[in-house]
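S.K.: Numbering (full-length UniProt numbering), first residue to last: 1 to 105.
Note that the Cβ used here is the ideal one computed from N, Cα and C, for glycine as well.
As the structure is a prediction and not an experimental result, all values here were calculated from the model.
Structure incoming, see below.
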């Protein structure tokens, strides 16, 4: 019982040390149709997403030209790491002063 379960493992190990160019894994017709449809769908989806992005950008610019920039802007435009603007914590500033580092260094 144990040897019968062990045989595929041993055969797999034997196959790893030889190049079997004559052996192929053949796809069924259903698998071929599936993978062809997936690969053919990539290009139209990419083109559609690019033009969708360009259209949304154009609509946003038209809206901003008419009404001005929005008060609540998208995240990357207004993101600052800290609310005090310069990106340094008060503790960091205090430690720089304590150790004698100036701002122009």
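Measure the C-alpha to C-alpha separation of residue 7 and residue 25 and round it to an integer number of angstroms.
M.R.: Between residue 7 and residue 25, the C-alpha separation is close to 21 Å.
S.K.: For residue 94, does the three-state DSSP call read helix, strand or coil?
M.R.: Reduced to three states, the DSSP call for residue 94 is helix.
S.K.: Specify, as a first and last residue, the run of the alpha helix (DSSP H) that residue 31 falls within.
M.R.: Unbroken alpha helix (DSSP H) run through residue 31: 29 to 67.
S.K.: Express the C-alpha separation of residue 57 and residue 49 in angstroms, rounding to a whole number.
M.R.: If you take the alpha carbons of residue 49 and residue 57, they lie about 12 Å apart.
S.K.: So what's residue 70 in DSSP terms, helix, strand or just coil?
M.R.: Of the three classes helix, strand and coil, the one that applies to residue 70 here is coil, per DSSP.
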